[in-house]
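A short write-up of the structure that comes next.
2 protein chains.
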Amino acid sequence: MMKHVTGARCLKCARLWPAKPSLTTCPDCGGLLDIEYDYDAIRWELNRNTLSARRELSMWRYLEFLPVEGIGRRPRLRVGWSPLYEAEGLARKLGLSRLFIKDDGVNPTASLKDRASAMAVVKAEEAGAEVIACSSTGNAASSLAGNAAAAGFPTYIFVPSRAPKGKVAQLMIFGAHVISVDSSYEDTFKLSQQAIERYGWYNRNAAINPFLMEGKKTVALEIAEQLGWHMPDFVALSVGDGCTIAGVWKGLKDLHATGLIDRLPRLLSVQAEGCCPLNRAIAENKPWEPMEENTLADSIAVGVPRNADKALRAIRESHGVVVNVSDQEILDAAKLLGRTCGVFGEPAGVAGTAGVKKAVEKGLIPAEASVVSIVTGNGLKDTPNAIRAAGEPVRIGPSMDELLAVMERL
Amino acid sequence: MMKHVTGARCLKCARLWPAKPSLTTCPDCGGLLDIEYDYDAIRWELNRNTLSARRELSMWRYLEFLPVEGIGRRPRLRVGWSPLYEAEGLARKLGLSRLFIKDDGVNPTASLKDRASAMAVVKAEEAGAEVIACSSTGNAASSLAGNAAAAGFPTYIFVPSRAPKGKVAQLMIFGAHVISVDSSYEDTFKLSQQAIERYGWYNRNAAINPFLMEGKKTVALEIAEQLGWHMPDFVALSVGDGCTIAGVWKGLKDLHATGLIDRLPRLLSVQAEGCCPLNRAIAENKPWEPMEENTLADSIAVGVPRNADKALRAIRESHGVVVNVSDQEILDAAKLLGRTCGVFGEPAGVAGTAGVKKAVEKGLIPAEASVVSIVTGNGLKDTPNAIRAAGEPVRIGPSMDELLAVMERL
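Respectively, the protein sequence lines represent chains D and A. Reading the first sequence from the start, the letters are residues -19 to 390 in my numbering. Reading the second sequence from the start, the letters are residues -19 to 390 in my numbering.
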């Protein structure tokens, strides 16, 4: 809670600012900010036993680790505490010792982004805002629209026109004012920033708003608790803007700083071959450079990652591994996860698992390792790509003869 | 658990049979069967306090009320314990005292049917089956495919070819053998029955398999516990085959028989105007007759309801209310739920809420009543109808001038 927050520190100039609800980037130098806590105070209030006795089964279970006064007075959706499945069959198939799938696609608007949006809604209430806005490749948008609708906030939302139908349908149903921009995510983001400044809306652009990463980090807190505080060797996830991997790392470091876990996993950063500016920077040990957005995994098709600094720092600090996957490998992973685990992820959602497979094959992850792979969004958001991955069903007339003919072939 | 099960009683001839895992209809007369329990024994083991101390947050929380030996040894998805939201804003809009939304669209395969499919998988394991099969308008199919995939069971699944893309995509991703039948649900169902007999598959057709309703009833057990055992005046839901409303009623009666609740709510049975054989039977107090399947709400487009007897009995026993809604009223309800609650339901999923609105308007539900409305499936399963309900977004180029022009209009 806010009483544990010591401030927001600039990544560039290291200055510490008071953590006001409407804070975005560093007022001095424009750098990204990181929320800091008094970890000794948290350690004093919280341990494994106090946590395990809690009945709140949502991201707000970890209130001491969150930069809020409370959870607000408005109605809210139940976000977080998504299931963590041990995937024995899939682990065997991939030649891995242990593999766990964290299915964040069962969140209320069906993606991990609900964690950031739920945080945005609480902070907007604290800031006394009347309207919330963001730009997004899709999931941040639909999650903001849904969480804000539950809380009674109007929203203005900017999406690139390539956003999949499923996500756009959500936005419209949730009553958001949607502006579909006929251009790249980069242009969409810039236009939203101009509009937010002009109209004074609350800014839910994840990279710019330091509180949102604090919402996202709850996925890491849950993983730790669900594994009984025995950390895996790797946490794998797909990377676009960089906010989620940075959030996961922040969560892990927070847990480590309070002694709730005694070792830190390494991150596996998975990007699409057609759009991997962050992984390229790591692999070549150079500053990142913009790339085109050539992948069907729309949520991670981010040529100009807005949270590059935090993401690169997270991967490096964790002694992380990077791997890029092709669109075909992503589609194959969707089928593999569905068939072996009963988990249906969108392309960006399963890219992390595609990366685990590839990293094992390439020897980047050893066979004896334990891995948690986060599925960040539900496959129902992008039906056409699911059909592309898995094909169409056999179609027959209502007759036993036609069925028998089909059964012969199967 | 099985030790509390006294048998399976035929609805027609009242004979009591041993509750074998592979049981379907009455071996004597072909009537539908109902699982019966020793409620005194359950009452002895279970009370509000023992339940509230449980950490299992899924449908298996209520093991004493379920006809299983245990939860099986195979991996499983986390089904149930879906959120119950108080919808204050929507209640005001509808002129109702209190309204709660039970969002079953956040289940692993995004519909209430996961409750029945999870049960089917456990019973198939108990029966020593190797393959599970069903026919379905879509949700039972995709939930069986997903839950069976997690548990390692192959599936054969029959769907009418009109099933929405989202549901078919799930089936294919989960690796089911899918047979898409170019005909009505009725013909699809019959073909599946013939194939199940011929190949000896485990039968997950909900009306035929008496155990599945026991899975579905868990939604009612959860509602009761989530409301602190204070029952609402009405429980509203959409009705197709009739299994879900029958399951809800079974759950409520089970709770009542063990003294966990002291009064029974009335059921609000909502069907589509274009396909309402059960509601028509109630309204006209006549036996039900087949109807055409004229509604966009595919999950309740059931002209020949397979569970008519149990459904009609449930509505009558509860002194229930019936109301039919038009496709436009269903689409309007989707928008209304999205805008006021942040809950996105598929057409059949929101039909219950459409019915609540209409029942209040018609004076069938008094303004001072409290109502729980069950949203049975996620709107992401049927994106085209969501777009039809809510429209397309405004599309502009990446320029502030174009945005300003749009803002003037909004």
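Note that beta-carbon positions come from the ideal geometry of N, C-alpha and C, so glycine has one too.
* Touch test, the segment 156 to 166 of chain D against the segment 189 to 201 of chain D, Cβ-Cβ under 8 Å, three pairs minimum -> no
* To do: Give the secondary structure of S350/A by DSSP, where H, G and I count as helix, E and B as strand, and everything else as coil.
  => strand
* Answer yes if the segment 237 to 254 of chain A comes into contact with the segment 377 to 390 of chain A, meaning at least three C-beta pairs across the two stretches below 8 Å, and no otherwise. => no
* Does the separation of the CB atoms of T333/A and L311/A fall below 9 Å? -> no
* Which one or two residues does DSSP pair with R319/A in a beta bridge? -> According to DSSP, R319/A bridges with nothing at all.
* To do: Below 9 Å between beta carbons is the criterion; list the residues of the segment 109 to 129 of chain D that meet it against any residue of chain A, in chain order.
  => S122, A125, G126, N127, A128, A129
* What do you get for W24/D, buried or exposed, if any count of 16 or more other CB atoms within 10 angstroms of its CB means buried? -> exposed
* Asked: What does DSSP give as the partner residues of P140/D in its beta bridges?
  -> V161/D
* **Cβ neighbours of W268/D in the same chain (closer than 8 Å, five flanking residues each side left out)** => P257, L258, R260, A261, P285, A288, L292
* At which residues does the alpha helix (DSSP H) containing R296/A begin and terminate? -> 288 to 297
* Asked: Can you find a CB in chain A that lies within less than 9 Å of the CB of P364/D?
  -> yes
* **Within-9 Å CB hit, Y17/D to chain A** => no
* **Separation of A71/D from D83/A, as counted between CA atoms** => 32 Å
* Asked: What is the rounded straight-line gap between the Cα of V111/A and the Cα of A90/D?
  -> 30 Å
* Closer than 7 Å by C-beta to E166/A: which residues in its own chain qualify, once you throw out the five before and the five after it? Chain order, please. => G283, V284
* When the Cβ atoms of the segment 174 to 182 of chain D are set against those of the segment 318 to 326 of chain D, are three or more pairs found closer than 8 Å? -> no
* To do: Give a yes or no on whether the C-beta atoms belonging to V355/A and V374/A are separated by under 9 Å.
  => no
* Asked: For the putative contact between N406/D and T30/D, defined by C-beta atoms under 8 Å, what is the C-beta separation to the nearest angstrom?
  -> Outside the shown range of chain D (-19 to 390) lies residue 406/D, about which nothing can therefore be said.
* **D162/D: contacting residues in chain A (beta-carbon distance under 9 Å)** => R375, I376, G377, P378
* Asked: If you measure from the beta carbon of Q150/D to each beta carbon in chain A, is any gap under 9 Å?
  -> yes
* To do: Using a Cβ cut-off of 9 Å (strictly closer), state whether F154/D contacts chain A.
  => yes
* If you measure beta-carbon to beta-carbon, which residues of the segment 205 to 223 of chain A are closer than 9 Å to chain D? -> none
* Proximal residues, the segment 272 to 286 of chain D versus chain A, C-beta separation under 8 Å -> none
* **Proximity to F214/D [Cα-Cα], best of R(-11)/D, Y65/D, S353/D** => S353/D
* Report the three-state DSSP secondary structure of W(-3)/A (helix, strand or coil). => strand
* Within 9 Å (strictly less), CB to CB, does P270/D reach chain A? -> no
* Does the segment 338 to 348 of chain D come close enough to the segment 101 to 115 of chain D to have 3 or more Cβ pairs within less than 8 Å? -> no
* To do: Taking only the alpha-carbon atoms, compute the straight-line gap between A120/D and A96/D and give it to the nearest angstrom.
  => 8 Å
* **Close Cβ partners of W209/D (< 7 Å) along its chain, the five nearest in sequence each way excluded** => R28, L240, I241
* Asked: Near P140/D, which residues of its chain fall below 7 Å by C-beta distance, leaving aside the five closest residues on each side in sequence?
  -> T117, V161, S163, S164, Y165, T168
* Classify V86/D as helix, strand or coil using the three-state DSSP reduction. => helix
* **E25/D, DSSP secondary structure in three states** => helix
* When you compare only the Cα positions, how much space is there between Y42/D and I137/A? -> 42 Å
* Asked: Span of the alpha helix (DSSP H) holding E68/D?
  -> 68 to 74
* Hey, which unbroken runs of the beta strand (DSSP E) at 3 residues or more fall wholly within the segment 245 to 278 of chain D? -> 246 to 252
* In angstroms with no decimal places, state the Cα-to-Cα distance between H(-16)/D and P1/D. => 15 Å
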